[in-house]
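Participant: Residue numbers (this note's numbering): 44 to 129. All C-beta atoms in this analysis are idealised placements derived from N, C-alpha and C, irrespective of residue type, glycine included.
This is the structure we're talking about:
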């Protein structure tokens, strides 16, 4: 093999090496993208769950607040009747 052929062979090996690196990097990026997509899907589901939980908690707090208001009104009525009777 002459020197020119040797140089061409080296260039081909360099290109093959670069292509292999690109292929490896591309596969790593694909894997990272899939992981990020899975994380996004999980976070979106979790967000939905938390929004639902928050809405349920708001409803529960509203119901409890109404019960407290009703109890307070009843107590005030009773105290008012005590003052009148006393």
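Which of the three DSSP states is assigned to residue 45 in this structure?
Facilitator: coil
Participant: Taking just the CA atoms, how far does residue 55 sit from residue 48?
Facilitator: 10 Å
Participant: To the nearest angstrom, report how far apart residue 112 and residue 105 are at their CA atoms.
Facilitator: 10 Å
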